[in-house]
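Take a look at the structure below.
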Amino acid sequence: MTEFGFIDSIRRAFGSLPDNGFEGIGDDCAVYPVGGGESLLFTSDMLNENVHFLRSAASAAEIGAKSLSVNVSDIAAMGGRPIATMLSLGLTEDAVGEWAEEFMRGYRDASERCGAMLIGGDTTISESGITISVTAIGRCADGNIKRRSDASVGDIVFVNGMLGASAAGLKDILSGHTDTANARVHRNPVPQTEQGLWLGGQPCVHAMMDISDGVASDLLHIMKASGVGASVDTERIPTEVSVEEAVCGGEDYKLLFTADPLSAADLERRYRERFGEDIYRIGRITGPDRSGIVWLDNGREVSPDWHGFSHF
Ligand code: ADP
Ligand code: MG
6 MTEFGFIDSI RRAFGSLPDN GFEGIGDDCA VYPVGGGESL LFTSDMLNEN VHFLRSAASA
66 AEIGAKSLSV NVSDIAAMGG RPIATMLSLG LTEDAVGEWA EEFMRGYRDA SERCGAMLIG
126 GDTTISESGI TISVTAIGRC ADGNIKRRSD ASVGDIVFVN GMLGASAAGL KDILSGHTDT
186 ANARVHRNPV PQTEQGLWLG GQPCVHAMMD ISDGVASDLL HIMKASGVGA SVDTERIPTE
246 VSVEEAVCGG EDYKLLFTAD PLSAADLERR YRERFGEDIY RIGRITGPDR SGIVWLDNGR
306 EVSPDWHGFS HF
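Here the sequence shown stands for residues 6 to 317, where the numbers follow my numbering.
Next up, the structure:
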């Protein structure tokens, strides 16, 4: 079974239970309308030692900041603002003390940067490997929520930053080169907090999500949720590494979104004015006649065997 097959089976198993007002499993966050035109957003992500991080290759403070940042990324991906987190730690004996204190320093600094308060959690001992589980809570104006299911045929597909550096950095780390520029990118993901909030406020932006598994996997989620197809112009992928590494590697934590083609040029101009950076057109949303992503190389269809990252 694949990771996403398993999640689908969970969703089906709970489909007949009352939703209690929640829009649940399937998007970057669950959504709960609280009245007054606002909703709360909930998301949870886990980091396991030797799966998501190596203690030998990242400082405790970096792991602390990353644990917060990857969760806040999912709030940004909905167009919301992070307000609070809950942190549960399973610490090994040798991590109690100095490691845990350094971890919390990184977690606190990253919390301060994005304006999220730590409101609770749990602390236990782990027999093998450190486990870190974070739940982040955000809020969003109802009209600004960007779902994976809102892409329209004809939309332009955008990403808001360079892709692949994190994957290249992971490769460096695994081959023992822990201090390359890309390795530092991998260890220090930057959640697109202000960018997500701003894009949330743009009615011409339709679907949005964060890129955690690579465009080759993440764009499929928008296609499936929206019932559409998509083509990607591989020569337009913004990257300093190979296109394959840029679309298949995970953990970029940039935003992937679709926008009305008539507003696209204006959006590019206003985003540049606001952030002093570019957004990149990488493709188009098409009809649902093809199930996978259509990869184009300067307009000519190519058939690479590209898949995003999957845990299973
Ligand atoms: P993301 O990469 O945005 O964090 P995931 O790919 O981890 O999202 O998860 C996809 C969706 O499935 C999300 O809505 C998430 O909340 C949900 N999900 C993942 N694992 C579980 C689980 N064990 N139980 C319930 N929902 C889950
Ligand atoms: Mg996400």
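Even glycine gets a Cβ: it sits at the ideal position worked out from N, Cα and C.
Buried or exposed (CB count within 10 angstroms, at least 16 for buried), residue i
| i | result |
| --- | --- |
| Thr129 | exposed |
| Met122 | exposed |
| Asn165 | buried |
| Ser14 | exposed |
| Val101 | exposed |
| Ala65 | buried |
Collapsed DSSP secondary structure at residue i in the structure displayed
| i | result |
| --- | --- |
| Met167 | coil |
| Pro38 | strand |
| Gly95 | strand |
| His211 | strand |
| Pro87 | strand |
| Leu22 | coil |
| Gly125 | strand |
| Thr239 | helix |
| Arg286 | strand |
| Ser296 | coil |
| Ala1 | The structure shown does not extend to residue 1, since the chain is modelled only from 6 to 317, so the question has no answer here. |
| Ala100 | helix |
Check: residue i C-beta below 7 Å from any heavy atom of the ligand ADP
| i | result |
| --- | --- |
| Gly31 | yes |
| Thr48 | yes |
| Ser93 | no |
| Ser154 | no |
| Ile142 | no |
| Ile12 | yes |
| Ile15 | yes |
Nearest-angstrom Cα separation, counted from residue j out to residue i
| i | j | result |
| --- | --- | --- |
| Asp147 | Ala221 | 29 Å |
| Asp302 | Ala251 | 15 Å |
| Ser49 | Asp32 | 12 Å |
| Leu92 | Gly304 | 47 Å |
| Ser268 | Cys209 | 6 Å |
| Ile161 | Ala270 | 10 Å |
| Ala82 | Met214 | 5 Å |
| Arg4 | Gly134 | Outside the shown range of the chain (6 to 317) lies residue 4, about which nothing can therefore be said. |
| Gly159 | Ala89 | 37 Å |
| Leu46 | Asp223 | 20 Å |
| Val307 | Glu240 | 12 Å |
| Glu256 | Pro194 | 8 Å |
| Val77 | Met51 | 13 Å |
| His57 | Ala141 | 18 Å |
| Arg189 | Val39 | 39 Å |
| Val237 | Ala115 | 33 Å |
| Ser138 | Glu103 | 20 Å |
| Thr291 | Gly234 | 5 Å |
| Ile124 | Ser72 | 15 Å |
| Gly281 | Arg275 | 9 Å |
| Ser61 | Gly84 | 35 Å |
Extent of the continuous alpha helix (DSSP H) run through residue i
| i | result |
| --- | --- |
| Met109 | 103-119 |
| Val56 | Element bounds for Val56: n/a, residue is neither H nor E. |
| Ile12 | 8-19 |
| Gly201 | 198-205 |
| Asp79 | 65-81 |
| Arg192 | 186-192 |
| Val246 | No alpha helix (DSSP H) holds Val246; DSSP gives it neither H nor E. |
heavy atom of the ligand MG below 7 Å from residue i C-beta
| i | result |
| --- | --- |
| Asp79 | yes |
| Ala82 | yes |
| Asp215 | yes |
Boundaries of the beta strand (DSSP E) in which residue i is found, first to last residue
| i | result |
| --- | --- |
| Met228 | Element bounds for Met228: not the beta strand (DSSP E) but the alpha helix (DSSP H), 220-231. |
| Tyr276 | No beta strand (DSSP E) holds Tyr276; the alpha helix (DSSP H) holding it covers 269-280. |
| Ser138 | 136-146 |
| Glu306 | 305-307 |
Cβ of residue i within 8 Å of any chain B Cβ
| i | result |
| --- | --- |
| Ser44 | In the structure shown, chain B cannot be found, because there is only a single protein chain. |
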